[in-house]
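Peer 1:
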Amino acid sequence: MRIQTFMKTVAVVFGTGMLLAGCGTDATPLEETSTPDDTVHAMAPPTSCDREADVGWCRITADKVRCANGRYIYAYSTPDGWCIQYDACKNNGGPYICGL
């Protein structure tokens, strides 16, 4: 009986020691440097539907279009009307919204 209690105590102490040893010390974080070449820009919605100013966007008559697989893609509202990317349905079975 005493041997079993001793073995359990040794196991608990050993397990606790392993957990504490696994924690270790915190590594110092590397200093992040930013250069103008690695700047990422998100694609912003257009400010107008002018094909010359906002390449890849075109004007549509409704606030959404239905793709071939039945999914609806919504357009952005601009002062010129509803505006959507010409390839908005490319991952939903097509078609191209405005032609090429």
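For what it's worth, my numbering labels the leading residue of the sequence shown as 724, then goes sequentially.
Ideal Cβ placement from N, Cα and C applies to all residues, glycine included.
The structure displayed is predicted, hence computed values, not measured ones.
1) For the beta strand (DSSP E) that contains Ile783, what are its first and last residues?
2) Can you have a look at Val727 and say buried or exposed, based on whether 16 or more other CB atoms are within 10 angstroms of its CB?
3) Leaving out the 5 sequence neighbours to the left and right, which residues in its chain are closer than 6 Å to Arg794 when beta-carbon positions are compared?
4) Provide the residue(s) that pair with Ile807 in DSSP beta bridges, ordered along the chain.
5) In its own chain, which residues sit with a C-beta less than 7 Å from the C-beta of Tyr797, not counting the 5 before and 5 after it?
Peer 2: On the basis of the data shown:
1) Trp780 to Ile783
2) Residue identity differs from the one stated: residue 727 is Gln in this sequence, not Val. By the 10 Å Cβ count, Gln727 comes out exposed.
3) Asn815
4) Cys781
5) Asp786 and Lys787
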